[in-house]
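Structure first, then comments.
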Amino acid sequence: MTDPTPASLTHLNAAGEVHMVEVGDREATRREATAEGFITMRPEVLTLVLEGRAAKGDVLAVARVAAIQAAKRTWELIPLCHPIPLSGVSVQLEPTADGSGLRLEAKARTTGHTGVEMEALTAVQVGLLTLYDMVKSADPAMTIGPVRLLAKSGGRNGDWVRDGEAGRGAG
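Heads up, the sequence shown is in the numbering used here, so the first residue is 40 and it goes up one at a time.
In structure tokens, the structure reads:
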């Protein structure tokens, strides 16, 4: 990995000013990114969510839809992101191995000129915030995090997989 100098930070021009990166000359390739995040909650609240008995209904379904919507609108939320025609977004929710909460994984896909890491990360963040919103009255002490990129594929920088995630990353 290179040092984060102005020359390697693509959202800075030669003068160190913020700008939107030109991607039009890049080759359009199939790109995929996978991100994950966690929300911890009291065991009884997790049971309500998993059994579909939360006061606001099917919390998991609403979080999935919110995550997908967020991926589609990332360019409206993150100032220097390009609008990307997504070919697919998938969201998985599952209890954590230790039973302390939920793990949300989002995969974003496109064939285009720039990557979809921000779309996957935004999907995770908004999905987790939606979970928080839907059951905050039952457990205001819920904690979100960590949220992280697991893998990306395609593009001029090639494939990247977080150490230890080879079996769960982009394919």
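Yeah, the Cβ is synthetic: ideal placement off N, Cα and C, and Gly gets one too. Computed from a predicted structure; not experimentally measured.
Which residues in the same chain as residue i place their Cβ atom closer than 6 Å to its Cβ, once the five residues preceding and following it in sequence are excluded?
| i | result |
| --- | --- |
| S49 | One detail in the question is off: residue 49 reads as Thr in this sequence, not Ser. Here the set comprises V60. |
| I117 | M157 |
Could you spell out where the beta strand (DSSP E) holding residue i opens and where it closes?
| i | result |
| --- | --- |
| I78 | 68–79 |
| G127 | 127–134 |
| P185 | 182–192 |
| E144 | 140–151 |
How far does the alpha helix (DSSP H) with residue i in it reach, from first residue to last?
| i | result |
| --- | --- |
| V110 | The displayed chain sequence assigns Ala, not Val, to residue 110. Here the alpha helix (DSSP H) through A110 covers 98–111. |
| G166 | 156–174 |
| E83 | 82–89 |
Leaving aside the five residues before and after residue i along the sequence, list all residues of the same chain whose C-beta is less than 8 Å from its C-beta, in chain order.
| i | result |
| --- | --- |
| G166 | G76, A102, R103, A105, A106, A109, V130, L132, L143, A145 |
If you draw a straight line from the C-alpha of residue i to the C-alpha of residue j, how long is it?
| i | j | result |
| --- | --- | --- |
| G193 | T68 | 6 Å |
| G96 | M157 | 29 Å |
| M181 | L99 | 16 Å |
| M80 | V163 | 17 Å |
Helix, strand or coil for residue i? Go by DSSP, reduced to three states.
| i | result |
| --- | --- |
| L51 | strand |
| M40 | Its pLDDT being 44, under 50, M40 is placed unreliably by the model, and the measurement read from it follows with that caveat. Coil. |
| V57 | strand |
| V200 | strand |
| L116 | helix |
May I ask you to verify whether the segment 75–95 touches the segment 168–185, counting CB pairs closer than 8 Å and requiring at least 3?
-> yes
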